[in-house]
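In my numbering, the protein residues as written are 1332 to 1531.
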């Protein structure tokens, strides 16, 4: 594209073509980003998560490394919206997203899974380390938001080595983390619940 634009200094038609191609190229990049990014938080959306997790999970499987999935849900988020309004609710989600992003390693993956729920893929995670990371996230959210819009999160955690069918393995981990999240919610919220190692 740049080569065509540079040639345009000698040819007006090529210059116009180069400028058009550059605009189309930039627009395509913007559309691709919108397709995989959550507009509010700037994190990956669900589609972006499943696209980005593929190469990471295959690498972990090839190296026989354990991985972890965390599902984090903002506790009583509906009350925030009802009491303080949707604008404040949006700000809370953005702040929680920023805390999640800053709490994990650059090799980990964070996405908005839907609504007030977030998902974290922890690459090369040992059983103890993924639980420790989840507890770190929980504490950071609890202490990171101030004033009337303070919130907590409940987190469900699952970890294991991935089978040959990596996609199926990730789906199984997500189901286990989801059940653990349900346990965390039912146990009083603002806590981490871990899936039994043998769960499937």
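Think of the CB as a built atom: it goes at the ideal place given N, C-alpha and C, for glycine as much as any other residue.
Residues that DSSP places opposite residue i in a beta bridge
i            : result
residue 1408 : Note: residue 1408 sits in no beta bridge, so no partner.
residue 1490 : 1399
residue 1368 : 1375
residue 1485 : 1404
residue 1426 : DSSP output for residue 1426 lists no bridge partner at all.
residue 1448 : 1404 and 1445
Pick from the options that is closest to residue i, judged by C-alpha positions
i            : options                   : result
residue 1434 : 1419, 1450 and 1444       : 1450
residue 1452 : 1372, 1411, 1418 and 1490 : 1490
residue 1396 : 1509, 1517 and 1495       : 1495
residue 1390 : 1504, 1418 and 1493       : 1493
residue 1418 : 1506, 1505 and 1480       : 1480
residue 1505 : 1474, 1444 and 1422       : 1444
Counted within 10 angstroms of its Cβ, other Cβ atoms place residue i as buried (16 or more) or exposed
i            : result
residue 1370 : exposed
residue 1526 : buried
Residue i versus residue j: straight-line alpha-carbon distance, rounded
i            : j            : result
residue 1388 : residue 1438 : 11 Å
residue 1513 : residue 1519 : 10 Å
residue 1499 : residue 1386 : 14 Å
residue 1381 : residue 1524 : 23 Å
residue 1476 : residue 1375 : 22 Å
residue 1501 : residue 1465 : 18 Å
residue 1441 : residue 1455 : 15 Å
residue 1532 : residue 1432 : The question about residue 1532 has no answer, for the chain in this structure spans 1332 to 1531.
residue 1472 : residue 1447 : 13 Å
residue 1469 : residue 1353 : 44 Å
residue 1460 : residue 1427 : 21 Å
residue 1377 : residue 1463 : 24 Å
residue 1430 : residue 1517 : 24 Å
residue 1503 : residue 1522 : 22 Å
residue 1416 : residue 1394 : 47 Å
Beta-carbon gap between residue i and residue j smaller than 7 Å
i            : j            : result
residue 1392 : residue 1488 : no
residue 1411 : residue 1420 : yes
residue 1404 : residue 1511 : no
residue 1508 : residue 1402 : yes
residue 1368 : residue 1379 : yes
residue 1423 : residue 1384 : no
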